[in-house]
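Mapping of the sequence shown onto the numbering used here: residues 26 to 219, in sequence order.
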Amino acid sequence: RNDAVPTRGYDVRYVRAHWTVDPNVRAITGTVTLHFQATTALSELVMDLSDTLLLDQVRYHGSPVSATLSPDDLLNIPFGLEVAAGTLDSVTVDYHGVPRVQGGFGSFAIGQQPDSSAVLWTLSEPYGAKEWWPCKQDLNDKIDSADLYITTPALYRAGSNGLLVSEVDEDGMTTYHWQHKYPIAYYLVSIAVA
Numbered sequence: 026r027n028d029a030v031p032t033r034g035y036d037v038r039y040v041r042a043h044w045t046v047d048p049n050v051r052a053i054t055g056t057v058t059l060h061f062q063a064t065t066a067l068s069e070l071v072m073d074l075s076d077t078l079l080l081d082q083v084r085y086h087g088s089p090v091s092a093t094l095s096p097d098d099l100l101n102i103p104f105g106l107e108v109a110a111g112t113l114d115s116v117t118v119d120y121h122g123v124p125r126v127q128g129g130f131g132s133f134a135i136g137q138q139p140d141s142s143a144v145l146w147t148l149s150e151p152y153g154a155k156e157w158w159p160c161k162q163d164l165n166d167k168i169d170s171a172d173l174y175i176t177t178p179a180l181y182r183a184g185s186n187g188l189l190v191s192e193v194d195e196d197g198m199t200t201y202h203w204q205h206k207y208p209i210a211y212y213l214v215s216i217a218v219a
């Protein structure tokens, strides 16, 4: 872990994400909760998220707040109060949409396997994570740990970072819970469904 003071006034501690995807459809629905520690007094949190995705709701302490998503892919989340340096806190972002198509390997892609079955994957290095999930794209600030949930039609299996904790089937869908307990850069968080 880099000992430099994380930028934007906060240090990411933990991420809990729940994504719903279908490898036949280039789209995502997600809920991401970011736990952070303020490194300076903060009146808002700034995250990265593509402006091609749509905000459903942003919550702070369980209550909706009026967050804004700018054309330069910055998600500004006002607290309505000042959070003191050293405070541990969290925000939750509900969103959905069609991730922007990127060059190279692409950050969020669907395709077909040789047997013609559908496949979906992410490859976010170096700055593609914001194309499919709200995050802090800062190489000086690794996520300490994460719980990642992927819900997909039961025909498919989903892989992600860490260890598989559970698979839960319900109404023709399966939710896979992956747990990662080591520091990880934002761009290494990934999902693959096939």
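For each residue, glycine too, the CB sits at the ideal point set by N, CA and C.
Strictly by DSSP, which residues pair up with A42? V57 and L173
Helix, strand or coil: which one does DSSP assign to E156? In the three-state DSSP reduction, E156 falls in the helix class (H, G or I).
Top-ranked residue by Cα proximity to T65, from G187, T77 and E107: E107
Give the DSSP bridge partners of F104, in chain order. According to DSSP, F104 bridges with nothing at all.
Residue interval of the beta strand (DSSP E) (run including Q204): M198 to H205
Is it buried or exposed, H86, if we count other Cβ atoms within 10 angstroms and call 16 or more buried? exposed
Report buried or exposed for Y120, applying the criterion of at least 16 other Cβ atoms within 10 angstroms of its Cβ. buried
What does the alpha-carbon distance come out to for the pair L100 and W158? 11 Å
Got a sec? Which residues, its chain only, sit under 7 Å from D194 by beta carbon, not counting five neighbours each side? A179
Between R26 and D114, what straight-line distance do the alpha-carbon atoms span, to the nearest angstrom? Confidence is the limiting factor: at R26 the pLDDT is only 42, short of 50, which leaves the residue's position unreliable and the question unanswerable from this model.
For P124 and A109, I'd like the C-alpha separation in whole angstroms. Those two C-alpha atoms are separated by around 34 Å.
Three-state secondary structure (DSSP) at T64? T64: coil per DSSP, three-state reduction.
Buried or exposed: where does V50 fall if 16 or more other Cβ atoms within 10 Å of its Cβ makes it buried? exposed
So K161 packs on M72, CB below 8 Å; how close in whole Å? 6 Å
Under the rule that 16 or more other beta-carbon atoms within 10 Å means buried, what is Y207, buried or exposed? With fewer than 16 other Cβ atoms within 10 Å, it is exposed.
Three-way DSSP call (helix, strand, coil) for Y120 in this model: In this structure, Y120 counts as strand in the three-state DSSP scheme.
For G153, does the count of other Cβ atoms within 10 angstroms reach 16, so buried, or fall short, so exposed? Buried, by the Cβ-count rule.
Compare the C-alpha of S91 against each of V116, I216, S75 and W44 and name the closest. When each option's Cα is compared against that of S91, the closest is V116.
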